[in-house]
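In the numbering used here, the protein residues as written are 507 to 756.
Just so it is clear, CB atoms sit at the ideal spot from N, CA and C, and this is done for glycine as well.
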Amino acid sequence: MSAQQLHDRLVGGCAAVLKACLNGGRGRHEHPAVPVTPDELAAEAVRCAVAGVTAVHVHPRNAGGAESLDPAVIAAAVTAIRAAGPGLPVGVSTGAWIAPEPADRAAAVRAWTVLPDFASVNAHEPGAAAVAAALHERGVMVEAGLWTVAAVDAWRRWPAPTGRVLVECLAEEVDGALADAAAILAALPVERPPVLLHGEGPATWPVFAEAVRRGLHTRIGLEDTLVLPDGTAAPDNLALVTAARALGAH
């Protein structure tokens, strides 16, 4: 795959990306099908790719099950996914809850021995610009996580370029999440990277529908919700992806 082909697949070219967010911070106590180990993440990634997703987002775990930015932990997860699904773009989180000190997050990125294709950085978090810069230095595409309108201003001051903007509506109340989506999207500059819109919890599917309506990139998976659009329990990530595809996601 050429550099241009990889870039087009990462940002979606002219088509909307459907990303699978396989695990997030969830554990098996929340859902028995949450993938945790590298092999589990790889198997789930391939199943979702066959069902139509064009990228996967994962939160790799250490031996104790905790989210980690440690080079060995990132390498194990990314290597396993790439071996099982060659050419499938894989991204990770750099959330401050994983490593609270900004300098530690940037140092971890600079120490990675196997690089993901992309990584998300939450613009409101302390040290976000430095983490984004470290990712850019390593050649990892930066996704800017925007949770609020104020975060848009913080992101626009980053010196490092952004490959994709994540408009993340975390309010569980549906009307509030949709209002947040409209406000953040309206605050974005006209000239901007591709935008991925998603919600969490009870607002997941309404925000997903709004992303499809607007023709934006979006995502689905056990990180965001444990239920299908009709409110019944989702057996696994594959069921969520299948439902998303049925609702018009590409």
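Beta-carbon proximity list for residue i, same chain, < 7 Å, skipping 5 on both sides
i: Pro608; result: Pro632, Gly633, Ala636, Val637
i: Asp742; result: Ala539
Cut-off 6 Å between Cβ atoms - residues of its own chain near residue i, not counting five sequence neighbours on either side
i: Arg725; result: Lys525, Cys527, His704
i: Ala614; result: Leu575
i: Leu605; result: In the sequence on display, residue 605 carries Ala and not Leu. Once the five neighbours on either side are set aside, the close Cβ partners of Ala605 are Leu575, Arg611.
i: Val540; result: Asn529, Arg532, Arg534, Leu728
i: Leu824; result: For the chain, the structure presents residues 507 to 756; residue 824 sits outside this window and is missing.
i: Val696; result: none
i: Ala639; result: Ala666
i: Asp686; result: Cys675, Ala677
i: Ser599; result: His565, Ser626
DSSP-derived helix/strand/coil call for residue i
i: His563; result: strand
i: Glu643; result: helix
i: Asn743; result: helix
i: Ala650; result: strand
i: Val696; result: coil
i: Ala586; result: helix
When the options are compared against residue i, the one with the closest alpha-carbon
i: Gly707; options: Val696, Ala693, Ala677; result: Ala677
i: Leu722; options: Glu674, Asp742, Leu734; result: Glu674
i: Thr585; options: Gly558, Ala557, Ala551; result: Ala551
i: Val523; options: Ala740, Arg644, His537, Pro700; result: Pro700
i: Leu694; options: Thr738, Val658, Ala755; result: Val658
Cβ distance (whole Å) where residue i is taken to contact residue j below 8 Å
i: Leu652; j: Ala617; result: Not quite, the Cβ-Cβ distance comes to about 27 Å (not below 8 Å), so this is no contact.
i: Thr543; j: Ala581; result: The Cβ separation is near 14 Å, so there is no contact.
i: Val556; j: Asn568; result: That pair is no contact at about 29 Å.
i: Ala589; j: Ala548; result: 7 Å
Proximal residues to residue i (C-beta, below 8 Å), its chain only, five neighbours per side dropped
i: Glu684; result: As written in the sequence, residue 684 is Leu, which differs from the Glu given in the question. Closer than 8 Å at the Cβ level, and outside the excluded window around Leu684, lie Cys675, Ala709, Pro712, Val713, Glu716.
Identified DSSP bridge partners for residue i
i: His704; result: Glu674
i: Glu573; result: Arg567
i: His723; result: Leu702
i: Gly597; result: His563, Phe624
C-beta neighbour in chain D for residue i, strict 9 Å
i: Val542; result: The chain inventory of the structure shown lacks chain D, comprising one protein chain alone.
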